[in-house]
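Numbering follows numbering that gives the first Met the number 0, in which position 19 of the sequence shown is assigned residue number 18; successive positions increment by one, without gaps.
Every residue gets a Cβ at the ideal spot worked out from N, C-alpha and C, and that includes glycine.
From a predicted model like this one, the values you see are computed outputs, not experimental measurements.
First up is the structure itself, then whatever we jot down about it.
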Amino acid sequence: MSEPSDRPWLERDRRPPGVSDQTVEAVGKFDEALEWIERARGHLYDFHQMMGHADALIGEAADQLRDAGHPDQAQRIETELVGRNALEGRWSFQIVEEYDAIYWSVVRAASDELRKQLVGGRHHVFESEMKEDRRTHGARFHEQRPTDI
């Protein structure tokens, strides 16, 4: 079994001395917001991949229309739809990049700074304390930390 010093991630969620309940709750609320922002970002990546796949399928449909003897319809689809922007001037990857640059990276930086300033850079302090409050002490699968890795 490793010593805790060999596994610093097991201590990263502990409340530093002198940090108030209100501070832990406020930082926890910001962490919760960040988790929702991360989920939104994941949906943007889903959107990006779905749009790319749809564009490829539209291209395949145009090829099949041409092969089936419908060159005018195939040409119209290729001209108007294949490679079309998802939003004004943007393909879906550019939407993700703009979100990352304008919003996501700024919130991540604010979160890092908030944790550094208020809870010693520690993550999930609020949730760690909630776990401690909710777990059944002494029961299997309710351990505070892993006992052996």
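- Going by C-alpha positions, Phe140 is about 47 Å away from Asp54.
- In this structure, DSSP gives Arg107 a helical state, which the three-state scheme calls helix.
- When DSSP states are grouped into helix, strand and coil, Leu86 belongs to the strand group.
- In the displayed model, Thr146 falls within coil according to three-state DSSP, outside both helix and strand.
- Between the C-alpha atoms of Gly51 and Leu64 there is a straight-line separation of about 20 Å.
- Of all alpha-carbon atoms in His42, Glu128, Ala60, the one lying nearest the alpha-carbon of Val81 is that of Ala60.
- By the beta-carbon neighbour count (other beta carbons within 10 angstroms, threshold 16), Leu56 is exposed.
- Annotation: the continuous alpha helix (DSSP H) that includes Ser91 extends over 91-98.
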